[in-house]
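Chemist:
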Amino acid sequence: MVKKMRIENLCVNRLYGDVAGATTRGHKIAVKGGYIYQTFQGGYTLTPLGWSVVRKIENIIREEMNNIDGQEMLMPVVCGADLWKETGRYDSMDNIAKFKSRSGADYVICPTHEEVVTDYARSVIKSYRQMPFMVYQIQTKFRDELRVRAGLIRTREFIMKDGYSFHETQEDLEKYYKRCFDAYYKIYKRCGLKNVTDVMSATGDMGGKIAHEFQLINEMGEDTLYICDCGFRANKELEETDSSVCPKCGKQLNKVRGIEIGNIFQLGKKYTDSMHMTYTAEDGTEKTPTMGCYGIGVSRVMAAIIEESADDNGPIWNMATAPFTVEVIGLVDKENKTMPLAEKIYNDLKSEGIEVLLDARDNRAGEKFADADLIAAPIRLIVSTKNLANNQIEVKYRVNDHDTSDLPNTIDVNNYVDTIKDLISKLS
RNA sequence: CGGGGUGUAGCGCAGUCUGGUAGCGCGUUUGUCUGGGGGGCAAAAGGUCGCGGGUUCGAAUCCCGCCACUCCGACCA
11 MVKKMRIENL
21 CVNRLYGDVA
31 GATTRGHKIA
41 VKGGYIYQTF
51 QGGYTLTPLG
61 WSVVRKIENI
71 IREEMNNIDG
81 QEMLMPVVCG
91 ADLWKETGRY
101 DSMDNIAKFK
111 SRSGADYVIC
121 PTHEEVVTDY
131 ARSVIKSYRQ
141 MPFMVYQIQT
151 KFRDELRVRA
161 GLIRTREFIM
171 KDGYSFHETQ
181 EDLEKYYKRC
191 FDAYYKIYKR
201 CGLKNVTDVM
211 SATGDMGGKI
221 AHEFQLINEM
231 GEDTLYICDC
241 GFRANKELEE
251 TDSSVCPKCG
261 KQLNKVRGIE
271 IGNIFQLGKK
281 YTDSMHMTYT
291 AEDGTEKTPT
301 MGCYGIGVSR
311 VMAAIIEESA
321 DDNGPIWNMA
331 TAPFTVEVIG
341 LVDKENKTMP
351 LAEKIYNDLK
361 SEGIEVLLDA
371 RDNRAGEKFA
381 DADLIAAPIR
391 LIVSTKNLAN
401 NQIEVKYRVN
411 DHDTSDLPNT
421 IDVNNYVDTI
431 KDLISKLS
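Below, the structure is given as structure tokens:
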């Protein structure tokens, strides 16, 4: 899936002026850069640019989930109401969108998939030998939230990675829970998120006893976190009692804002009990498995990256998440030497399997640079008469997870492919 | 769902109070000059002024109803 594109054909609308209704920096940039387009209140179209970022985040998540033995699958978005009535959540959850078919049957648009996955698992699992296992999916969810906020930070429709594990014992669940916990930190790091922490959280609609949220500490966050020097960390819902004192050590709690970018739960037997999922244990008796679930708001992660890493001109991706690896900009010259060379570099990089964007428009430099900042390819090549006079191509970097001070500012016009491949690996 | 706000050209807005033939900036198209951080000049295209009803000789403007969007709150990946 090698992506290459001329900028004028990229079906994305970058804005010049103000973005009406955007309250956070990240929301503004996401709209201004043309990553997202609001289709309705709480529902965004991911443009070719935004979707390519989301796909990269998804693939990072896939790799890390597969690394902890997760098995990817896909469940239906819409579900008959029966499964939800089995657990009682059809009536107890407020944000389920419900509708009736023409024949009058009740349906829900799944806000999460515990019921659906448990129904599947109980049809598959007969023996203790089949456990433990974890299945996950990356899929669109819909929650009829009362209020939306800040672009992709809080929407009604969103993309979520949801994983579900099944175990014989609480000990085994806890062991796996820890593996997943660690995998989450790897995911966020690979996505380029920096200020991530975990807090104990309330279990809410999901049920169970133990739950953790992964939070990006950021002023724009809608969650309030309480953090203590002794290591105690909790979110507001859990720690709403005497909010100023740590329940562990008695010291003063620090209050910070966070964007929730993941949530994991030790569910216990809430679903397996109510949905009568059993297996035959080693001793021959029928037993009920215990369960964990693991969510990441994928589209929200993209929003969180922009919220955390951006300058006044646009987002700052890393190599793993940027929509293009390299952008080649040809600056107009009278002799018409720069554009043919820009085209050649573009084609050469393309055939090397590098995701590359070409800006060879007959526009002024300022506009091209502004667009480049919004698209934010980590490596920017500028072909101009100025540097061509010395047989050089200028190179600029847009990353914040690597020191680029030792990297070259120009590249020899006769040997750019190897140099660029080397730069890509250095910045990855 | 409560309380505010807004709907006028692709985007951002003025005009509404005080009714009288639809405006500005940016973008788009054409020409031209320019050419390293969103440039200049000239011309052109583009609107049932959110929708429905009412008042009036005449409604973007006044009245009634509806819808959408948005901000703050309650709710949550």
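Just so you know, we're using the working numbering here: the first sequence kicks off at 11 and counts up by one. Think of the CB as a built atom: it goes at the ideal place given N, C-alpha and C, for glycine as much as any other residue.
(1) Kindly indicate which residue of Cys259, Val209 and Gly214 has the alpha-carbon position closest to the one of Leu235.
(2) Would Arg267 and Asp239 qualify as a contact pair, given that the criterion is a beta-carbon distance under 9 Å?
(3) Report all residues from its chain with a CB closer than 6 Å to the CB of Lys42; omit the five preceding and five following residues, and keep chain order.
(4) What is the DSSP secondary structure of Ala221, reduced to helix, strand or coil?
(5) Shortest alpha-carbon distance to Ile306 belongs to which of Glu353, Cys190 and Cys21?
(6) Ser175 bridges to which residues according to DSSP?
(7) According to DSSP, is Ala115 helix, strand or coil?
(8) Go through its chain and collect everything with a Cβ distance to Lys136's Cβ below 7 Å, but skip five positions before and after it.
(9) In terms of alpha-carbon separation, which member of Leu359, Ile355, Ser394 and Ile220 lies closest to Asn346?
(10) Secondary structure at Lys265, three-state DSSP: helix, strand or coil?
(11) Name, in chain order, the residues that DSSP records as bridge partners for Ala382.
(12) Could you name the residues that DSSP lists as bridge partners for Arg390?
(13) In the DSSP output, which residue or residues are listed as bridge partners for Tyr54?
(14) Measure the beta-carbon distance from Phe224 to Gly272 and round it to whole angstroms, keeping in mind my assumption that it falls under 8 Å.
(15) Whole angstroms are fine: how far does the CA of Asp129 sit from the CA of Leu10?
(16) On a Cα-Cα basis, can you pick out the residue from Thr331, Ser254, Lys219 and Lys354 that is closest to Cys303?
(17) Tell me which residues share the same chain as Ile421 and place their Cβ nearer than 6 Å to its Cβ, disregarding the 5 neighbours each side in the sequence.
(18) What first and last residue would you give for the beta strand (DSSP E) that runs through Glu125?
(19) Can you tell me the Cβ-Cβ gap for Ile46 and Gly31, rounded? I've got them flagged as a contact below 8 Å.
(20) Taking one C-beta from the region 378–392 and one from the region 337–346 each time, how about it: are there three or more such pairs within less than 8 Å?
(21) What does the alpha-carbon distance come out to for the pair Asp252 and Asn205?
(22) When burial is assigned at 16 or more other CB atoms within 10 Å of the CB, is Met11 buried or exposed?
(23) Quick one, are the C-beta atoms of Glu461 and Ala212 less than 9 Å apart?
(24) Could you give the distance in angstroms between the alpha-carbon of Asp369 and the alpha-carbon of Asp432?
(25) Smallest Cα separation from Val87: which of Pro418, Lys171 and Lys280?
(26) Are there three or more Cβ pairs, one per stretch, closer than 8 Å when the region 344–358 is compared with the region 308–325?
(27) Starting from Cys89, follow the beta strand (DSSP E) in both directions and report where the run begins and ends.
(28) If you check the beta carbons only, do Arg99 and Glu82 fall under 9 Å apart?
(29) Measuring alpha carbon to alpha carbon, tell me which residue in Ile119, Ala131 and Met141 is nearest Asp154.
(30) Looking only at its own chain, which residues have a Cβ that is under 8 Å from the Cβ of Arg157, when we skip the five neighbours before and after it?
(31) Kindly list the residues whose CB is nearer than 6 Å to the CB of Gly358, restricted to its own chain and excluding five residues on each side of it in sequence; keep chain order.
(32) Could you tell me the alpha carbon to alpha carbon distance between Glu354 and Val63, rounded to whole angstroms?
(33) What does a CB cutoff of less than 7 Å around Leu341 pick up in its chain, not counting 5 residues either side in sequence?
(34) Tell me the DSSP secondary structure of Asn76 in three-state form.
(35) Identify whether Leu156 lies in helix, strand or coil by the three-state DSSP scheme.
Modeler: The structure says:
(1) Val209
(2) no
(3) If we look at Lys42 and ignore the five residues flanking it on each side, its Cβ neighbours are Leu25 and Val29.
(4) Here Ala221 sits in strand by DSSP.
(5) Cys190
(6) Ser175 is bridged to Met144 and Gly302.
(7) In this structure, DSSP gives Ala115 a state outside helix and strand, which the three-state scheme calls coil.
(8) Taking Lys136 as the centre and dropping the five residues before and after it, the same chain places the C-beta of Tyr289 and Thr290 closer than 7 Å to its C-beta, in chain order.
(9) For the set Leu359, Ile355, Ser394 and Ile220, the Cα lying nearest the Cα of Asn346 is the one of Ser394.
(10) strand
(11) BP columns for Ala382 are empty, so no partner.
(12) Glu337 and Lys406
(13) Gln48
(14) 4 Å
(15) Since the first and last residues shown for the chain are 11 and 438, residue 10 lies out of range.
(16) Lys219
(17) Ile403, Val405 and Thr429
(18) Careful: Glu125 lies outside any beta strand (DSSP E), inside the alpha helix (DSSP H) at Glu124 to Val134.
(19) Ile46 to Gly31, Cβ: 13 Å. No contact.
(20) yes
(21) 26 Å
(22) Low confidence applies here, because Met11 scores a pLDDT of 45, under 50, leaving its location unreliable; read the following figure in that light. Looking at its Cβ environment, which holds fewer than 16 other Cβ atoms inside 10 Å, Met11 is exposed.
(23) What is shown of the chain runs 11 to 438, which leaves residue 461 out entirely.
(24) 23 Å
(25) Val87 has its Cα closest to that of Lys171, out of Pro418, Lys171 and Lys280.
(26) Of all C-beta pairs linking the region 344–358 to the region 308–325, fewer than three are shorter than 8 Å, placing the two stretches out of contact.
(27) Val88 to Gly90
(28) It is not a contact, given that the beta carbons lie outside the stated cut-off.
(29) Ile119
(30) Arg164
(31) Here residue 358 is Asp; the residue named in the question, Gly, does not match the sequence. Here the set comprises Val427.
(32) In the sequence on display, residue 354 carries Lys and not Glu. Whole-angstrom Cα-Cα distance: 26 Å.
(33) Thr348, Ala375, Ile392, Val393 and Ser394
(34) Three-state result, Asn76: helix.
(35) In this structure, Leu156 counts as coil in the three-state DSSP scheme.
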